[in-house]
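So that you can map any letter, position 4 of the sequence shown is 745 in my numbering, and since no number is skipped, the others follow by simple counting. Beta carbons: idealized from backbone N, C-alpha and C, even for Gly. Because the structure is a prediction, the values reported are computed rather than measured. I have placed the structure first, in the form of structure tokens, so that the comments after it can refer back to it.
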Amino acid sequence: MRADTWRDRAACRGVPLAVFFPASEDDCDEAKAICAGCPARRPCLDDALKNGLQGVWGGTSERERRVLAREHRKAS
Ligand code: SF4
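Here you go:
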């Protein structure tokens with residue numbers, strides 16, 4: 742039997758992918774609103790940071806994750 746992962750708890754399950762891959766960084770509000778109530782937000786964000794994913798993950802846009810990654814590199 743497969744162990745549960747954070748993806749099993751994702752609030753975005755069943756939401757059209759286009760919501761999380763908007764054409765513009767300025768169109769992330771709908772995805773971020775879903776992420777705001779997601780119990781998997783932290784591991785989702787960690788995964789996106791670790792793997793350099795595109796789109797909205799863990800309540801953040803690509804631009805926001807670039808800033809987080811830069812801050813993390815400065816702090817370590
Ligand atoms: S934080 Fe957002 S993108 Fe990540 S699993 Fe939850 S709803 Fe989906």
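- Around the CB of T746, fewer than 16 other CB atoms lie within 10 Å, so the residue is classed as exposed.
- Within the chosen limit of 7 Å, the ligand SF4 reaches the beta carbon of C776 through at least one heavy atom.
- Beta-bridge pairing by DSSP links T801 to W798.
- Straight through space, the alpha carbons of R748 and M742 are spaced by roughly 16 Å.
- Burial check for L758: the Cβ neighbour count within 10 Å stays below 16, so the residue is exposed.
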